[in-house]
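Take our numbering: the final residue in the sequence shown is number 1488, and no numbers are missing along the way. Glycine residues also receive a C-beta, built at the ideal position from the N, C-alpha and C atoms. Note that the structure is a prediction, hence the values are computed from the model and not measured. Comments concern the structure below.
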Amino acid sequence: MDSAVIKSRPKRAAGRRRWMAGAACAVFLGIGVAVGASLSRDSGASHVVDLSLDQSNDWIDDVCASFRVFGRKYQPLVDVGPDDDAAFAELVQRTIGIDMTVPTFEEGASIFEGARVVAIDRAPGIELFYRNAAGDLLSVFVLARPASPDNQVTDVQETIRDDLIVSWWQGERTLVAVVGPSSDANMPELAQAAYLKL
């Protein structure tokens, strides 16, 4: 027998095996596509994922989280320091659109540490940091949230979240919240003073 004929048989057998493997892959792929298409038609479009921006938590949780993250125990993270009143007024005007100077409080929080821009409940605002006589850090949040049927003007209200007390009220143009440790006995007086000044 001719040696060329003998050598061509293994090549044909190998080529046939490759062709069979390729055909098997194509058949399995076709079966998978058919099964997937039939299953997707049966399920309908009732399992649509909703990606809307629902309010998963309220603004008080956001205020407390911002106080915990940015109000470091010894040195708060600020955008404007305590020495530049003009920069503070410009930051407040640019962020929430009101004219405001640094509020001073004799009632419990006498040292202004600085201010930073925050976003609470998808609204811009300013967080002002103060230090009381005991060295505890306190924050006053002023948020750009005008009064509306959903956000009616209120007097001072208090809420405790974990170890923080939040005293807040809704004004005509802004929402104001005073946040500090719940162990601070002067917090109600500070909130009332802030209510009268802001």
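Quiz item: Out of curiosity, what's the CA-to-CA distance linking L1418 and D1440?
Solution: Within the sequence shown, numbered from 1, the residue matching residue 1418 stands at position 128. Within the sequence shown, numbered from 1, the residue matching residue 1440 stands at position 150. One C-alpha to the other measures close to 26 Å.
Self-check item: Span of the alpha helix (DSSP H), counted from its first residue to its last, around S1356
Solution: Residue mapping note: residue 1356 aligns to position 66 of the sequence shown, counting from 1. It spans W1349 to F1360 - the alpha helix (DSSP H) in which S1356 sits, taken as one unbroken run.
Practice problem: Take the Cβ of A1327 as the centre, count every other Cβ of all protein chains shown within 10 Å, and call the residue buried at 16 or more, exposed below. | Solution: As a working note, residue 1327 is residue 37 in the sequence shown. Flag for A1327 reads exposed.
Quiz prompt | F1357 and L1454 closer than 8 Å at C-beta | solution = As a first step, residue 1357 is located in the sequence shown; it is residue number 67 there, counting from the start. As a first step, residue 1454 is located in the sequence shown; it is residue number 164 there, counting from the start. The answer is yes: Cβ separation under 8 Å.
Exercise. Determine the closest residue to P1436 out of V1430, L1427, Q1447 and W1459, with distance taken between C-alpha atoms.
Key: If you number the sequence shown from 1, residue 1436 lands on position 146. If you compare the alpha carbons of V1430, L1427, Q1447 and W1459 with that of P1436, the shortest gap goes to W1459.
Quiz item: Which same chain residues, not among the five before or five after D1389, have their C-beta less than 8 Å away from its C-beta?
Solution: As a position in the sequence shown, residue 1389 is number 99, starting the count at 1. Closer than 8 Å at Cβ, skipping near neighbours: A1379, V1382 and Q1383.
Quiz item: Distance, Cα to Cα, V1466 vs L1433?
Solution: By one-based count along the sequence shown, residue 1466 stands at place 176. By one-based count along the sequence shown, residue 1433 stands at place 143. Roughly 6 Å separates the two Cα atoms.
Practice problem: With DSSP collapsed to three states, give me the class of Q1460. | Solution: Position 170 of the sequence shown, counted from the first residue, corresponds to residue 1460. Strand at Q1460.
Quiz item: Comparing alpha-carbon positions, which option in D1426, A1313 and I1416 lies nearest Q1365?
Solution: Indexing the sequence shown from 1 puts residue 1365 at position 75. Ranked by how close their Cα comes to the Cα of Q1365, the residues D1426, A1313 and I1416 have D1426 in first place.
Quiz prompt | Residues near A1475 by beta carbon distance below 7 Å, same chain, minus five either side | solution = In the sequence shown, residue 1475 corresponds to position 185, counting from 1. The answer is none, since no qualifying residue turns up.
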